[in-house]
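To keep things clear, I will list the structure first and then write my remarks on it.
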Amino acid sequence: MSLREHVPRPLVVIGLLSWLLVFFACRGPVVYPTPSTVQGFPSPTLPALPTVPAVVPSPTPTSLPSPTPTTVPPATMTPTPASSSTATSTPTTSTPTPSGRRATLITRLPTSEPVIALTFDCGADRGYAEEILDTLARHNIRATFGMTGAWARTNPDLVARMLQEGHVLINHSDTHPSFTGYSTGTPPLPPAKRLAELRGAELAVAAVSSSPETMRPFFRPPYGDYDEALLQQLPQAGYTVVIMWTVDSLGWRGIPAEDVVERVMHAAEPGAIVLLHVGAQSTDSAALPTLIESLQQAGYRFVTVRDILD
Ligand SMILES: [Zn+2]
Numbered sequence: 022m023s024l025r026e027h028v029p030r031p032l033v034v035i036g037l038l039s040w041l042l043v044f045f046a047c048r049g050p051v052v053y054p055t056p057s058t059v060q061g062f063p064s065p066t067l068p069a070l071p072t073v074p075a076v077v078p079s080p081t082p083t084s085l086p087s088p089t090p091t092t093v094p095p096a097t098m099t100p101t102p103a104s105s106s107t108a109t110s111t112p113t114t115s116t117p118t119p120s121g122r123r124a125t126l127i128t129r130l131p132t133s134e135p136v137i138a139l140t141f142d143c144g145a146d147r148g149y150a151e152e153i154l155d156t157l158a159r160h161n162i163r164a165t166f167g168m169t170g171a172w173a174r175t176n177p178d179l180v181a182r183m184l185q186e187g188h189v190l191i192n193h194s195d196t197h198p199s200f201t202g203y204s205t206g207t208p209p210l211p212p213a214k215r216l217a218e219l220r221g222a223e224l225a226v227a228a229v230s231s232s233p234e235t236m237r238p239f240f241r242p243p244y245g246d247y248d249e250a251l252l253q254q255l256p257q258a259g260y261t262v263v264i265m266w267t268v269d270s271l272g273w274r275g276i277p278a279e280d281v282v283e284r285v286m287h288a289a290e291p292g293a294i295v296l297l298h299v300g301a302q303s304t305d306s307a308a309l310p311t312l313i314e315s316l317q318q319a320g321y322r323f324v325t326v327r328d329i330l331d
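To get the working numbering, take the position in the sequence shown, counting from 1, and add 21.
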């Protein structure tokens, strides 16, 4: 342990470091090429910038598997093998339906009376459900609510209020998956899982209504996604009517409340079914008072789907 062993070491280290510094400082610029000159890459920074904004701002919600009702494709886009509707033979892959029944698809209520059905989907969050119920109560209007089991479990107080105030609940599945995977890019649900989704919602509502049949025979598919197999299966589960819509307010997209009113007024016709949402991101609640008054001024009154289809 002599000093001679310690003293020279720092000196050697410092010397080495200085040499390395000089060495790298000299060759630095050559060693690190800028990203735009990296071989084989289509220059990732500069030329890419103009194309990125063009892709990002289009909030096409079809690829988001979010539990919120953000993806509502036009009803016409949903695959519908219409030709098979007349087929009486049973597909080999599914169990025979008694009497070959098939659920009926409703996009407009079959009436010539000046009536409109306001339908509110309760997919994810509590959102503006209370405000919507207040507005409806103020105008003495009954509406139709697409109810998920998840929503009913989280908000049993509001489900009870809906039933108490005469609103109609329709089955909107338990956890809001796309049954076909069309809007979420997921595999289609197998028949057993589809049935479980229907029953799960029934159980959740039955916890408040004390009946698993409260929502029958009306089903509204999450994202509006359905296929022929679902239409064949639904009657076996007690659901013979699939409630789609005449006009989607697009409030779920956060468009201004005035635009919600304008869209719906433009599409108003006897028996029109209006698709609205209770969720916090939706502007439907803000639009509702004006929407109701505008429709009333145009001579419409309000019905539930049960008023016309039962
Ligand atoms: Zn929904």
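Ideal Cβ positions, reconstructed from N, Cα and C, are used throughout, including at glycine.
Once you ignore the five residues that flank residue i on each side, which residues in its own chain have a CB closer than 7 Å to its CB?
| i | result |
| --- | --- |
| PRO291 | THR132, SER133, GLU134, PRO135 and VAL136 |
| GLU152 | SER306 |
| PRO310 | THR156 |
| SER315 | VAL282 and MET286 |
| ARG284 | VAL268, SER270 and LEU271 |
| PRO238 | GLY259, TYR260, THR261 and VAL262 |
| ASP328 | none |
| ASP246 | THR99, SER199, PHE200, THR201, TYR203 and SER204 |
What does a CB cutoff of less than 6 Å around residue i pick up in its chain, not counting 5 residues either side in sequence?
| i | result |
| --- | --- |
| GLY202 | PRO208 and PRO209 |
| ILE313 | HIS160 |
| GLY148 | VAL299, GLY300 and ALA301 |
| ALA171 | THR196 |
| ASN176 | ARG147 |
| GLN317 | none |
| ALA173 | VAL180, ALA225 and VAL226 |
| ALA278 | THR304, ALA307 and ALA308 |
| GLU218 | SER194 and ASP195 |
The alpha helix (DSSP H) spanning residue i covers which residue range?
| i | result |
| --- | --- |
| ARG174 | 170-175 |
| VAL326 | 326-330 |
| ILE313 | 305-318 |
| ALA278 | 278-288 |
Over what stretch of residues does the beta strand (DSSP E) that includes residue i continue unbroken?
| i | result |
| --- | --- |
| ILE191 | 189-192 |
| ALA293 | 293-298 |
| LEU126 | 125-127 |
Only counting the same chain, and skipping five residues up and downstream in sequence, which positions put a Cβ closer than 8 Å to that of residue i?
| i | result |
| --- | --- |
| THR140 | ALA164, THR165, PHE166, GLY167, ILE191, ARG241, ILE264, TRP266, ILE294, VAL295, LEU296, LEU297 and VAL326 |
| MET236 | MET168, LEU190, ILE191, ASN192, ALA222, GLU223 and VAL226 |
| GLU186 | LEU154, LEU157, ALA158 and ARG163 |
| ILE127 | VAL262, VAL263, ILE264, MET265, ILE294, VAL326 and LEU330 |
Meets three-Cβ-pair contact criterion under 8 Å: the segment 151-160 and the segment 302-311 | By the Cβ criterion, the segment 151-160 is in contact with the segment 302-311, since at least three pairs of Cβ atoms, one from each stretch, lie closer than 8 Å.
Mind pulling the beta strand (DSSP E) runs of 3 or more residues that sit fully within the segment 229-254?
-> Segments of the beta strand (DSSP E) lying fully in the segment 229-254: there are none.
Minimum length 3: unbroken beta strand (DSSP E) runs contained in the segment 129-168 = Entirely contained in the segment 129-168, the beta strand (DSSP E) runs reaching 3 residues are, in chain order, 136-143 and 165-168.
Stretch-stretch touch, CB-based, cutoff 8 Å, three pairs: the segment 310-325 with the segment 197-205 = Cβ pair count under 8 Å is below three, so no.
The segment 217-232 in contact with the segment 166-181 per 3-pair CB rule at 8 Å = As far as the Cβ criterion goes, the segment 217-232 touches the segment 166-181, which means the pair count is three or higher.
Looking at C-beta atoms only, is the number of pairs between the segment 276-288 and the segment 246-260 that lie closer than 8 Å three or more?
-> No, the segment 276-288 is not in contact with the segment 246-260.
Do the segment 159-175 and the segment 184-194 meet, that is, are 3 or more Cβ pairs less than 8 Å apart?
-> In this structure the segment 159-175 lies against the segment 184-194, because at least three pairs of beta carbons, one per stretch, are closer than 8 Å.
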